[in-house]
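Residue numbers (our numbering): 1 to 463.
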């Protein structure tokens, strides 16, 4: 043990957060009322404790579309005074971004019909169970060790199609003669933080990959999407270990391969697997192949450090032209009888936010966000609350002092897409002003603040 290292204690907890009654499902513009449960949703917590308040972290992954600051605050409130020695600000929640999870905020959809859970009721269920998972993880801390590994599995693909005229369309046709290329890159790495008990047995694994869980995104049943299949396959191969999913920056990614759509489907059919099961197979093979390597490098006395910062990022300013376009769109949507009433509320809300932002942006030119930057041994964990375009994750990882850097999007908040400058030029969903509270200027600031924290943590803890 050195002056910067200490024995580490690790604990895990997991609670089901599946809504007990029909609920609205989040992720589409139109209203969907759940028609049962395809598979359960979970909140999974991992507590890592290095013995002091600034050397502790509790990561909580939720099978949700997003985790608002309000929901995270509710979880912390439920834990107030319950967990001796835990600084509640060291807890953060992240979402897997499934599109078949309950609506937990009331800003987007109209009030649900009678007999359907309200967003507030769903949020209460999630907060109560997530708090129980944290409590379980903290109270189960015991001596153990950590190690990391890097593997690969093809899951995410760029979903923004670039055409010859410079325009970009999400899920655009690639068999169009004007198809030029996919706009951005992909990242098939699978980052792993493994935890072990005092005997050297695997207790859990943090799995970080750059893809939202959206193969069941239009379905009507509650589902964790492909993370259900990943967990099932890992349990089959590794036993009853905990799995904590993290979505790396993937605001421009999807589990759908737009160039070879038919071939992907045909290969799944030939294997006798659903697309979700195929993802489960790929990720499980990546994890299982790397775990024996990680086992050889377990650290039971190591560095744990955790920085939390409230950062003010500049908002993306709405122009007069964009405001006028939003006004025209609202009038068109409200008067168009062809638009389903289930979709009108979401579409109008989508554009009305632009009008509100235009009025408020001069008096509120920044968006405050919560960032967590953590060191656990040679692993860095860096959060952001956006659907962050993949290139930003690459910038952080390429310059990080850590051996392995796990960037986690949709964590400690849910603030919409954050596109690159290239994406803004191309336009389209995810890069237009309606999709973005923060633009490329804020994205660059986010990268630099994250890297500054990483440099400070590594300098303060012995490099």
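Where a beta carbon is used, it is the ideal one built from N, C-alpha and C, also for glycine.
Check                                                                                                                                 : Outcome
Member of 45, 119 and 65 whose CA lies at the smallest distance from the CA of residue 134                                            : 45
Alpha-carbon spacing of residue 1 relative to residue 435, whole angstroms                                                            : Caution applies to residue 1, whose pLDDT of 48 falls short of 50 and renders its modelled position unreliable; the value that the coordinates give is listed next. Their Cα atoms are separated by approximately 48 Å.
Ranges of the alpha helix (DSSP H) found wholly within the segment 329 to 388, counting only runs of at least 4                       : 341 to 360
Residue burial classification, residue 319 (beta-carbon count within 10 angstroms, cutoff 16)                                         : exposed
Local Cβ density within 10 Å of residue 266, reported as buried at 16 or more and exposed below that                                  : exposed
Segment contact, 8 Å Cβ cut-off, at least three pairs: the segment 360 to 376 with the segment 296 to 310                             : yes
C-beta atoms of residue 227 and residue 96 nearer than 8 Å                                                                            : yes
Unbroken stretches of the alpha helix (DSSP H), 4 residues or longer, contained in the segment 73 to 147                              : 119 to 139
Helix, strand or coil at residue 183 according to DSSP, with G and I counted as helix                                                 : coil
With 16 other Cβ atoms within 10 Å as the buried cut-off, status of residue 272                                                       : exposed
Residue 92 versus residue 165: straight-line alpha-carbon distance, rounded                                                           : 42 Å
Sequence-distant residues of its chain with Cβ nearer than 8 Å to residue 458 (five each side left out)                               : 375, 401 and 402
Exposed unless 16 or more other CB atoms sit within 10 angstroms - verdict on residue 385                                             : buried
Limits of the unbroken beta strand (DSSP E) element including residue 42                                                              : 42 to 49
Contact the segment 64 to 72 vs the segment 123 to 134: 3+ CB pairs below 8 Å                                                         : yes
Secondary structure of residue 163, DSSP reduced to three states                                                                      : strand
Contacts around residue 18, its chain only, beta-carbon distance under 7 Å, and the 5 residues preceding and following it disregarded : 37, 40, 41 and 222
Distance between residue 121 and residue 291 (C-alpha atoms, nearest Å)                                                               : 40 Å
Residue 63 (DSSP reduced to helix, strand or coil)                                                                                    : coil
Sequence-distant residues of the same chain with beta carbon closer than 8 Å to residue 203, five excluded per side                   : 10, 12, 144, 195, 196, 197, 241 and 242
Where residue 362 falls, given that 16 or more other Cβ within 10 Å makes a residue buried                                            : exposed
Three-state secondary structure (DSSP) of residue 299                                                                                 : strand
Any 3 or more C-beta pairs closer than 8 Å across the segment 172 to 183 and the segment 332 to 351                                   : no
Own chain partners of residue 276 with C-beta closer than 8 Å, once the 5 adjacent residues on each side are dropped                  : 215, 216, 225, 226, 228 and 229
Expected contact under 8 Å - CB spacing of residue 254 and residue 156 to nearest Å                                                   : 7 Å
Test item: CB-CB of residue 315 and residue 438 under 8 Å                                                                             : yes
Nearest residue (CA-CA) to residue 379, options 390, 388, 365 and 408                                                                 : 408
Straight-line Cα distance separating residue 76 from residue 62                                                                       : 15 Å
Cβ-based burial, residue 199 [other Cβ within 10 Å; buried from 16]                                                                   : exposed
Close beta carbons around residue 428, own chain, < 6 Å, minus the five adjacent residues each side                                   : 168, 169 and 170
Alpha carbon of residue 325 to alpha carbon of residue 456, nearest angstrom                                                          : 45 Å
CA-to-CA distance, residue 118 to residue 104, given in whole angstroms                                                               : 8 Å
N-terminal and C-terminal residue of the alpha helix (DSSP H) that residue 441 is part of                                             : 440 to 460
Bridge partners - residue 227, DSSP secondary structure assignment                                                                    : None, per the DSSP bridge assignment.
Buried versus exposed call for residue 206 [16 or more other C-beta atoms within 10 Å across all chains shown]                        : buried
For residue 17, the three-state DSSP class (helix, strand or coil)                                                                    : coil
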